[in-house]
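Colleague: Okay, here's the structure, questions in a sec.
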Amino acid sequence: MATLTEDEIEKLFSGAPQFYVRSEGQFTGPPHPSAAFPFDEELEIRDMTDHVQIEDKAWGGATIWPHLTMDQVHDGVARRQAQDKHRPHFHIRCRERPNMLSMQGLEKGTMGFSAALELAVGDSLEEEQFGFDTLGTKARIIVETREKMLSSSGFLNRIPQASILDRLKRNGELYRDNDLRQRSSMETYQDLFESLMRPTTVVVDKKDQYSLANQINILVKCLATPNVWIDLSRVEWRIRLGQILWGEPEGDELDDATSIHEVGNADERAEERYWLLMQILLATELLIRMDAVSEGSESGAESFRPIDVVNFERAATPTVKWCLILARRWLENIEIVKVETSSANKNGAQTNNTSSWLTTLASKISLYHPPAYERDHTPRYHYSITGRHGQRQVDGLTHFARRLRWPGIEAHDTQISDNAQDAAREKCTPMGSPGTISTTQSGYFGAWDVSHHSHDGEKVQAQRRKLAAVLHASGWISKSYVFGLVLPGEALSHYLMATLLENDTEAITRLGSFANLCGGFVYGGKSFWSTSCIVGRVLAAGKGSAECMGWVSSDILPAGMGEGWVNIDVEDVAEDMANLGRKARLWGKKRVERDSSILGDGDENSVLPADFIIPHENVYGITPPAVFVELRSLELLSPATSVRPTPLSEITPTPMTGATRAPELLTYPADLNFVVSLNGNTSTEYTFSLSYDISFVTAHPCAPSSRVRILSSPSSPTIQQIDVSGSDMLGKTSRIEQRTGHPLHKFFNYTVIHISELLHKQHAPLSQLLAVPAVRKPGYSKNRTNQVHVLVIDCITSFAERPVSPSLRRSFSSNLSPLSPLMDRSTSAAAEAKMHLESRKRQFGSDMEILVRALCAQKGWNALISRRKRGCLACAIREAGALGWKVVVRVE
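When you read off a place in the sequence shown, starting at 1, and then add 198, the result is the number in the numbering used here.
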């Protein structure tokens, strides 16, 4: 038998995704996973993804990865506007982890391949807080380092807040028309060092000591100084920036007898805002200079030398890079308005008679109560921090509410506008103005259950951090979202739901002010779940569910439970916990790529057709029975026997906050109850406990090749002959294989089990289910320990449910006939099929799919969800190999 040539392999695996893990460069942290189609040039194939596209431009702040929002795809004007804004700029080699573009898979309640691998090295694993202990007391080292920073040997001069705000206002204007390269180096040098910073004798560009390169070097060293600046590589600090700027003591805190009253005085609060504003200012100064240098590189002008690039990457710590990300978000979304104090009223709010709330929604940062070292200065101006894109953000919030089918959404748009207008006139408080600073803690925000102890006693970090917050009408979370101060990561999902609740008077009245942002709640005849909660990820598989930006809504309500928040008791998967951080699979780049290779562990120079098989799910000794599944109930076990209360005193508080006195956060184990009938006969009841915090991933779509036909002998399941001409040239003795999909190398060992059989063996361990292969595979040997072993759960064969309407069935099947010859479809047909699949995405789902996810949650099996006709079984098995997972769920 002749070996396959390189050209034949490329034709054979055209349209098959291949999985990679590659580093962006040195000093960039863990490598980035990706899926690509290296053998294809057609955009219809190369653009296939396993995750949904960001639908609204207001949600683009969730990621720093380049992306197009849906409005740019379908609206030529929006696309041209985005292109007009694009100009040469500095590329910050720093990304949120996991990749937020990949966090919402095509299947509801799932992730994409990239997010699944990056979850084990996610930003939420960073547990250390910025120099504060658990009660919010500022560490002594911070005080000392900041004093040193402002001393004669430090980098900075102490300047008034008014000067900081003036420079921030000017930098906003300069960012939109960056002309630093047209200015002399002496001019830009003096602008930076005349008042803001102290000159240094250390230079990297000795030809011109005033050059932009030297200015950049000093700014990087300043921002890289430890124990001075807020470390935005920590997820909670990205979320809490708005609390420092806009947090209000009145109404934000709960009564707490254990509060540390002596640390929350006015001077300390003003000091923290001062240092945050200084950090933002230095970051904008650095970013504007980096953009100017990058623009020079694009135009051919003198720019960074290669050694300068190396020096920058070495010196730019993650803290510095996140400062640059903050600077860009600030310059693009925030505007500072300067008004004479004579035109402002006593509490710092401008008189405004317009009915547009967007013109009044601004938090006033005034100087009526400056820090102690500024009290000899009389303020002449009042400064307002406002958002540039308020209407865009509010439209995005309404879009989010509609996607989740929020109760009373038809009246929500008017309500949020009215509430925000009232908040702007009455609630927006000048920073440090008299009577607004309390010695009690401001708005509560904190995390809990962030770690546990492994079996050997070692402290282990959890994959998903749980967050809680106290909400009140148009609080700092609402302002952070509406003003667009959103940093990449999970912050946006928390902002969207919290802002929706804070501005829905009826919702916050009925649910209360305490929010479990990583749990769920019942409201208005529906249940809403964060995708951080296993219940949300399981219920999302049902018909009628909806998912949007980290939240799932469902018509399924917990039995016997009224409106309110809940937390779900769940255990971490031991294998996942043993592979976090530096032990994560993501670091094993070669292993990930080998375990998903289209050629397995074979030599590309000696690949035979008989080394492959066409995998399929429905080959059994006897015909499986027709399976009917009905979900009966979601049950949260009785508080009297099973609830493990979580007092808020156990939740790690954020700086300047303490444990709060509030009702305990009740934590329930969750069960799902089903009735399963086989062939319409005797019904059997099944109960599955959602015991483990498992993950689901959408198997990456693939497109059968139009350049090859695969034929096989009737007596052999392996591929015997390949016709790369695309036509049947091998005679009548062979037959065209009727099963669609790509080939699978003998390196991969898979076992297919029908869902009805798995229900009978639900207590069997995974190793036992994988022990005997269900079909004969070439090269399979029990002695080969390096093979990839995967269990395929068949939820397709003989599965019965309510029929699809005839018109919809005709539309769907016209391009995806199961009798189409293998690998014999054009790429245009694949693209049209993808369009039909995407249009039906929200109609997918069944009680069967909820059941199989619940079973996986009870067993602790992470699983790929592979939908037939979106992707083939072979590609799903290879992706399972890349992830190191053992289970593929095959659904119709």
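Heads up, the beta-carbon is just placed ideally off N, CA and C, and yes, glycines get one too.
Alpha carbon to alpha carbon, what distance is there between residue 700 and residue 618?
Modeller: Looking up residue 618 in the sequence shown gives position 420. Looking up residue 700 in the sequence shown gives position 502. Any reading at residue 618 must be qualified, since the residue scores a pLDDT of 49, below 50, and its modelled position is unreliable; no value is offered.
Colleague: Is the number of C-beta pairs between the stretch 1058-1077 and the stretch 300-311 that are closer than 8 Å three or more?
Modeller: yes
Colleague: Identify every run of the alpha helix (DSSP H) within the stretch 720-744, keeping only runs that are complete inside it and at least 4 residues long; order them along the chain.
Modeller: 732-737
Colleague: Beta carbon of residue 503, beta carbon of residue 255: below 8 Å?
Modeller: Here residue 503 refers to the residue found at position 305 of the sequence shown. Here residue 255 refers to the residue found at position 57 of the sequence shown. No; because the gap between Cβ atoms is not below 8 Å, this pair is not in contact.
Colleague: What does the Cβ neighbour count give for residue 384, buried or exposed, with the cut at 16 atoms within 10 Å?
Modeller: As a working note, residue 384 is residue 186 in the sequence shown. With fewer than 16 Cβ atoms within 10 Å of its Cβ, residue 384 is classed as exposed.
Colleague: Just how far apart, CA to CA, sit residue 649 and residue 313?
Modeller: By one-based count along the sequence shown, residue 649 stands at place 451. By one-based count along the sequence shown, residue 313 stands at place 115. Note on residue 649: pLDDT 47, under 50, position unreliable in the model; the coordinate value appears next. One Cα belongs to residue 649, the other to residue 313, and the distance between them is close to 21 Å.
Colleague: Work out the CA separation of residue 479 and residue 489 for me, nearest whole Å.
Modeller: To locate residue 489, count along the sequence shown from 1; it is residue 291. To locate residue 479, count along the sequence shown from 1; it is residue 281. Each residue's alpha carbon lies about 15 Å from the other.
Colleague: Output the distance between the C-alpha atoms of residue 625 and residue 436, rounded to the nearest integer angstrom.
Modeller: Position 427 of the sequence shown, counted from the first residue, corresponds to residue 625. Position 238 of the sequence shown, counted from the first residue, corresponds to residue 436. At residue 625, the pLDDT of 34 sits below 50, so the modelled position is not reliable; the number obtained from the coordinates is stated separately. Cα to Cα, residue 625 sits roughly 23 Å from residue 436.
Colleague: Return the chain-ordered list of same chain residues with a C-beta closer than 8 Å to the C-beta of residue 697, the five sequence neighbours on each side being excluded.
Modeller: Position 499 of the sequence shown holds residue 697. Taken in chain order, the residues that qualify are 595, 675, 676, 679 and 680.
Colleague: What are the boundary residues of the alpha helix (DSSP H) that includes residue 957?
Modeller: Position 759 of the sequence shown, counted from the first residue, corresponds to residue 957. Per DSSP, residue 957 belongs to the alpha helix (DSSP H) from 953-958.
Colleague: Hey, how far is the Cα of residue 724 from the Cα of residue 749?
Modeller: Within the sequence shown, the letter at position 526 stands for residue 724. Within the sequence shown, the letter at position 551 stands for residue 749. Roughly 13 Å between the two C-alpha positions.
Colleague: If you count every other CB in all the chains shown that lies within 10 Å of the CB of residue 212, and 16 or more means buried, which is it?
Modeller: Numbered from its first residue, the sequence shown carries residue 212 at position 14. Around the beta carbon of residue 212, a 10 Å sphere encloses 16 or more other beta carbons of the protein chains shown; the residue is thus reported as buried.
Colleague: Check each candidate in 265, 484 and 990 and name the one with the smallest Cα separation from residue 411.
Modeller: Residue 411 sits at position 213 when you count from the first residue of the sequence shown. Nearest of 265, 484 and 990 to residue 411, Cα basis: 484.
Colleague: Please work out which residues of its chain come closer than 6 Å, Cβ to Cβ, to residue 419, disregarding the five sequence neighbours upstream and downstream, and give them in chain order.
Modeller: As a working note, residue 419 is residue 221 in the sequence shown. Nothing listed; no residue qualifies.
Colleague: So, at 7 Å on beta carbons, what are the nonlocal neighbours of residue 225 in its own chain, with the 5 sequence-adjacent residues on each side left out?
Modeller: Here residue 225 refers to the residue found at position 27 when the sequence shown is read from its first residue. Around residue 225: 511 and 512.
Colleague: Let me check understanding here. Comparing Cα to Cα, which of 783, 533 and 889 lies closest to residue 1078?
Modeller: Numbered from its first residue, the sequence shown carries residue 1078 at position 880. Nearest of 783, 533 and 889 to residue 1078, Cα basis: 783.
Colleague: Secondary structure at residue 216, three-state DSSP: helix, strand or coil?
Modeller: Within the sequence shown, residue 216 is the residue found at index 18, counting from 1. Residue 216: strand per DSSP, three-state reduction.
Colleague: Under DSSP, the alpha helix (DSSP H) around residue 435 begins and ends at which residues?
Modeller: Here residue 435 refers to the residue found at position 237 of the sequence shown. According to the DSSP assignment, residue 435 belongs to the alpha helix (DSSP H) that extends over 433-444.
Colleague: Which residues share a DSSP beta bridge with residue 828?
Modeller: Start at 1 with the first residue of the sequence shown, and residue 828 comes out as number 630. 873.
Colleague: What do you get for residue 728, buried or exposed, if any count of 16 or more other CB atoms within 10 angstroms of its CB means buried?
Modeller: Walking along the sequence shown from the start, residue 728 turns up at place 530. Per the 10 Å Cβ criterion, buried.
Colleague: Is it the case that the Cβ atoms of residue 901 and residue 243 are separated by a distance below 8 Å?
Modeller: For the purposes of this step, residue 901 is taken as the residue at position 703 of the sequence shown. For the purposes of this step, residue 243 is taken as the residue at position 45 of the sequence shown. Yes, they are a contact pair.
Colleague: Count the other CB atoms, across all protein chains shown, that sit within 10 Å of the CB of residue 880; report buried if there are 16 or more and exposed otherwise.
Modeller: Numbered from 1 along the sequence shown, position 682 holds the residue referred to as residue 880. So residue 880 counts as exposed.
Colleague: Give me the Cβ distance between residue 897 and residue 1063, rounded to the nearest whole Å; I'm assuming they're in contact under 8 Å.
Modeller: The residue given as residue 897 occupies position 699 in the sequence shown. The residue given as residue 1063 occupies position 865 in the sequence shown. Indeed, because the Cβ distance is near 6 Å, the residues count as touching under 8 Å.
Colleague: Of all the options 369, 521, 351 and 362, which has the alpha carbon lying nearest to the alpha carbon of residue 422?
Modeller: For the purposes of this step, residue 422 is taken as the residue at position 224 of the sequence shown. Of the candidates 369, 521, 351 and 362, 521 places its Cα closest to the Cα of residue 422.
Colleague: Starting from the Cα of residue 1084, find the closest Cα among 730, 1075 and 988 and give me that residue.
Modeller: By 1-based counting over the sequence shown, the position of residue 1084 is 886. Checked all of 730, 1075 and 988; the closest Cα to residue 1084 is 988.
Colleague: With DSSP as the reference, label residue 314 as helix, strand or coil.
Modeller: Taking the first residue of the sequence shown as 1, we reach residue 314 at position 116. Residue state, collapsed to three classes: helix.
Colleague: From the DSSP output, in three-state form, read off residue 901 for me.
Modeller: Taking the sequence shown and counting its residues from 1, the one referred to as residue 901 is at position 703. Residue state, collapsed to three classes: coil.
Colleague: Is residue 939 near the ligand ATP, going by C-beta to nearest heavy atom under 7 Å?
Modeller: As presented, the structure is devoid of all ligands, the ligand ATP included, so that no description of it is given.
Colleague: Starting from residue 420, trace the alpha helix (DSSP H) in both directions and tell me its first and last residue.
Modeller: Here residue 420 corresponds to residue number 222 of the sequence shown, with the count starting at 1. Here the alpha helix (DSSP H) through residue 420 covers 410-421.
Colleague: Decide if the stretch 767-777 is in contact with the stretch 875-892; the criterion is three or more beta carbon pairs, one per stretch, under 8 Å apart.
Modeller: yes
Colleague: Where does residue 949 sit, in a helix, a strand or coil, going by DSSP?
Modeller: Along the sequence shown, one-based indexing puts residue 949 at 751. Correct three-state label for residue 949: strand.
Colleague: Skipping 5 residues on each side, what residues in its chain have a beta carbon closer than 6 Å to that of residue 426?
Modeller: By one-based count along the sequence shown, residue 426 stands at place 228. Here the set comprises 343, 344 and 347.
Colleague: In terms of alpha-carbon separation, which member of 664, 703, 689 and 533 lies closest to residue 612?
Modeller: For the purposes of this step, residue 612 is identified with residue 414 of the sequence shown, where counting begins at 1. Residue 703 is the option with its Cα nearest to residue 612.
Colleague: Residue 794 and residue 747 look like a contact to me (Cβ under 8 Å); what is the Cβ gap, rounded to whole Å?
Modeller: Here the question's residue 794 lines up with position 596 in the sequence shown. Here the question's residue 747 lines up with position 549 in the sequence shown. 29 Å between Cβ atoms; not a contact.
Colleague: How about residue 1093 and residue 751: are their beta carbons less than 8 Å apart?
Modeller: Any question about residue 1093 goes unanswered here, given that the chain covers just 199 to 1090.
Colleague: Quick one: residues in its chain with C-beta nearer than 7 Å to the C-beta of residue 733, no 5 flanking neighbours on either side, listed in chain order?
Modeller: Position 535 of the sequence shown, counting from 1, holds the residue named residue 733. Taken in chain order, the residues that qualify are 718, 727, 766, 868 and 888.
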